[in-house]
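Below you'll find the structure, written out as structure tokens, and then a few comments.
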Amino acid sequence: MFEKRKVRAHTNIALIKYWGKADEEYIIPLNSSLSLTLNDLYAETSVLFDPALDQDTFYLDGEKQNGSSLKKVQHVLDLVRQQADIEVKARVDSQNFVPTAAGLASSASGMAALAASASLAAGLDLDKKDLSRLARRGSGSASRSIYGGLVQWQKGSNDADSYAIPIDPADWGLGMYFILINKEQKKVSSRSGMKQTVETSPYIEEWARTTDEDVEKMKEAIAQRDFTQMGLLMERSASKMHATTLGAIEPFTYLLPESLHAIQFVQALRQKGFDCYFTMDAGPNVKVLIKEEQKAAIGQLLQEEFGPDKILYSDVGPDIQDITNE
Ligand code: DP6
Numbered sequence: 267m268f269e270k271r272k273v274r275a276h277t278n279i280a281l282i283k284y285w286g287k288a289d290e291e292y293i294i295p296l297n298s299s300l301s302l303t304l305n306d307l308y309a310e311t312s313v314l315f316d317p318a319l320d321q322d323t324f325y326l327d328g329e330k331q332n333g334s335s336l337k338k339v340q341h342v343l344d345l346v347r348q349q350a351d352i353e354v355k356a357r358v359d360s361q362n363f364v365p366t367a368a369g370l371a372s373s374a375s376g377m378a379a380l381a382a383s384a385s386l387a388a389g390l391d392l393d394k395k396d397l398s399r400l401a402r403r404g405s406g407s408a409s410r411s412i413y414g415g416l417v418q419w420q421k422g423s424n425d426a427d428s429y430a431i432p433i434d435p436a437d438w439g440l441g442m443y444f445i446l447i448n449k450e451q452k453k454v455s456s457r458s459g460m461k462q463t464v465e466t467s468p469y470i471e472e473w474a475r476t477t478d479e480d481v482e483k484m485k486e487a488i489a490q491r492d493f494t495q496m497g498l499l500m501e502r503s504a505s506k507m508h509a510t511t512l513g514a515i516e517p518f519t520y521l522l523p524e525s526l527h528a529i530q531f532v533q534a535l536r537q538k539g540f541d542c543y544f545t546m547d548a549g550p551n552v553k554v555l556i557k558e559e560q561k562a563a564i565g566q567l568l569q570e571e572f573g574p575d576k577i578l579y580s581d582v583g584p585d586i587q588d589i590t591n592e
């Protein structure tokens, strides 16, 4: 018989970005990437394989899902069924925990929680490496949400050697602010945005080449706890990633005018002696890496500029957790 299993996975924000696939089916990236797992943004997912079901069902925040979001979940369930050699259908319940309805629900935490809960529910006992490989098949960035702290996704070259490894627990006072620019659903998903960029942007090759170098530089900066160097490398990675989309056909950008304003505000804070650095993903929100000792002062300035309801904060998050018995 099958047991219902439940897992919590925390989202991660890449300091050195993943952008572009070498293999779309297996989600092998063009470049390695490196992220920080966050405590306050996470997903909890339970899975029960139930012989009484005649189809898979997926509830997200209590609402039954159809179409593409059900398909993405079924893709991971199918991989788990294949490994466990079963054919039973499943009921999946997932909840996103984001402090406000901020449009920050992330495929990284959702897919990592799904990979872990589904594999446990099917009776598979995967180690973290194999969990990371499975989560990767759901969404590339999810491969990194298996671990807390600072995490590297080694690009590898095939299904067996493309997975994440923990780099540093980051228990030395890092934090991240979110400046919420726009709550609306993003217009170009990361999946289609990176595909369009890989297929049409002349900048993609240099992006991939220099990003593997950036990952190595970031690891050195982390080893030395050189926060300034980490921040500068993070800003360059985000800027380079967003530059590739402007070279695509048709050109597109995730930056809104308010994003640019937020970036310039963060950079201006540095002139005033604050140690803070921006990054952005496949949407208009701006994220700011800080040291906890400056949390209060920077938080106050961000709230004054953008409004208290537009600012979120999280410190560093832990590994994925089995919470079946919580
Ligand atoms: C900009 O992991 O969402 O956030 O693998 O197609 O599911 P798929 O894409 P996804 O892409 C994340 C892109 C990014 C950068 C990053 O997280 O590294």
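Residue numbers for the sequence shown follow my numbering, beginning at 267 and rising by one. Ideal placement from N, C-alpha and C gives every residue a C-beta, glycine not left out. If you're wondering where the values come from, they're calculated on a predicted model, not measured in any experiment.
| message | Tell me whether the segment 312–319 and the segment 383–394 touch, counting them as touching only if at least three CB pairs, one residue from each stretch, are closer than 8 Å. | response | yes
| Relative to the alpha-carbon of residue 409, which residue among 278, 549, 526 has its alpha-carbon at the smallest distance? | 278
| Which partner residues of residue 358 appear in the DSSP bridge assignment? | 313, 324
| Three or more beta-carbon pairs under 8 Å between the segment 458–476 and the segment 498–513, yes or no? | yes
| said: Considering only DSSP beta bridges, list what residue 483 is partnered with. | reply: In the DSSP output, where bridge partners are listed per residue, residue 483 has none listed.
| task | Tell me whether residue 418 is buried or exposed, calling it buried when 16 or more other Cβ atoms sit within 10 Å of its Cβ. | result | buried
| task | Taking all protein chains shown into account, decide if residue 254 is buried (16 or more other Cβ within 10 angstroms of its Cβ) or exposed. | result | No answer is possible for residue 254: it lies beyond the span of the chain, which begins at 267 and ends at 592.
| query | Exposed or buried, which one is residue 534 when buried takes at least 16 other CB atoms within 10 Å? | reply | exposed
| task | Below 7 Å CB to CB, which residues in the same chain sit around residue 395 once its five sequence neighbours on both sides are set aside? | result | 429
| Which residues share a DSSP beta bridge with residue 363? | 308
| query | How many Å lie between residue 587 and residue 276 at the Cα? | reply | 9 Å
| task | Over the uninterrupted alpha helix (DSSP H) stretch that includes residue 342, give me the two end residues. | result | 333–350
| What separation, rounded to the nearest whole angstrom, lies between the Cα atoms of residue 342 and residue 403? | 7 Å
| message | I need the straight-line Cα distance from residue 440 to residue 330, nearest angstrom please. | response | 37 Å
| query | Could you give the residue range of the alpha helix (DSSP H) that holds residue 507? | reply | 493–512
| Identity of the residue in 380, 300, 304 nearest residue 357 by Cα | 380
| query | Any heavy atom of the ligand DP6 closer than 6 Å to the Cβ of residue 292? | reply | no
| field | Host alpha helix (DSSP H) of residue 286 (start-end) | value | From DSSP, residue 286 is part of no alpha helix (DSSP H); its letter is neither H nor E.
| query | What distance in whole Å lies between the Cβ atoms of residue 549 and residue 303, which are believed to be in contact at a cut-off of 8 Å? | reply | Not quite, the Cβ-Cβ distance comes to about 19 Å (not below 8 Å), so this is no contact.
| request: Could you pull out every residue in the same chain whose Cβ sits closer than 6 Å to the Cβ of residue 355, ignoring the five residues on either side in sequence? | output: 319, 321, 322
| query | Would you call residue 295 buried or exposed, if buried means 16 or more other Cβ atoms sit within 10 Å of its Cβ? | reply | buried
| query | Grouping DSSP H, G and I as helix and E and B as strand, with all else coil, what is residue 532? | reply | helix
| query | What is the DSSP secondary structure of residue 447, counted as helix, strand or coil? | reply | coil
| Can you tell me where the beta strand (DSSP E) with residue 279 in it begins and where it stops? | 271–282
| Nearest-angstrom Cβ-Cβ length linking residue 487 and residue 499, presumed shorter than 8 Å | 6 Å
| With C-beta atoms as the reference, is residue 352 less than 7 Å away from residue 484? | no
| query | Any idea if residue 271 is buried or exposed, counting beta-carbon neighbours within 10 angstroms, 16 or more meaning buried? | reply | buried
| query | Straight-line CA distance for residue 307 to residue 465? | reply | 32 Å
| message | Along the chain, where does the alpha helix (DSSP H) containing residue 544 start, and where does it finish? | response | Here residue 544 belongs to no alpha helix (DSSP H); instead the beta strand (DSSP E) covers 543–546.
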